[in-house]
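So the structure is just underneath, and the comments pick up after that.
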Amino acid sequence: MWFATYHGLYRYNGRHLTGYFHNPIDTGTIHHNLINDFIFCDNILYLAIWGNTNEIDKINVKTGLINRLKPNNKRLDVYSSVFRLSDVDIILGGSLGLSLINTKNFTSTYFDKPFSTILYIENNKYVFSATGSNIYKYIVENNKIVLTDSLTFKGNVNCTEIVEKTDYSEH
């Protein structure tokens, strides 16, 4: 069991709690202690983390080895959410927009809508994200993020819940 906190990352194995923390003089540690989200992909844990260093932390859950990866860009993003899109692609929502990252070669593609938080992935293809008072729907095709629709609200979107499609015509 893993726990993301504002003071580091913790792993509980049923008996012991192990902490993973930032150490400014050790590049083998996470690059910031404020963890917003994480996702598992084939025994690798990817962290959506605070700290605009243009790094994404990758932890091998079998060995505990931490790597700080730098995508092929110069963006200094702060990530708030991460989802697995396919066997090789993850998508992160952050302060500068959405980032589509290939985890095999670490190339990246972006869609600039500041303060994007990913809400939902549908059919490993459609991405819904929130930015303040808007919800956007994107499609990922040919390694590109394309905007397809948007909804505007008064006030900020605080949370969502996906409910199974139900026929309410009888009610």
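The opening residue of the sequence shown carries number 14 in this note's numbering; numbering runs sequentially from there. The beta carbon of each residue, even a glycine, is placed where N, CA and C say it ideally should be. Just so we're clear, the structure is a prediction, and the values are computed from it rather than from any experiment.
- DSSP, reduced to helix, strand and coil, places Glu-68 outside both helices and strands of the structure shown, so it counts as coil.
- Following the DSSP letters along the chain, one finds Ser-129 in no beta strand (DSSP E), marked with neither H nor E.
- Here the alpha carbon of His-45 sits roughly 10 Å from the alpha carbon of Leu-22.
- In the structure shown, Ile-104 falls within a strand segment according to DSSP collapsed to helix, strand and coil.
- With distances taken between CA atoms, Ile-52 lies nearest to Ala-17 out of Ala-17, Thr-42, Asn-156.
- Within 10 angstroms of the beta-carbon of Gly-27 lie fewer than 16 other beta-carbons, which makes it exposed.
- Within the same chain, Cβ atoms closer than 7 Å to the Cβ of Ile-134 are found at Phe-96, Leu-98, Val-140, the five residues on either side in sequence being excluded.
- Out of Ile-114, Thr-116, Leu-113, Ile-131, the CA that lies nearest to the CA of Ser-93 is found in Ile-131.
- Around the Cβ of Tyr-25, a 10 Å sphere holds fewer than 16 other Cβ atoms; the residue is exposed.
- Rounded to the nearest whole angstrom, the CA to CA distance from Cys-54 to Phe-124 is 23 Å.
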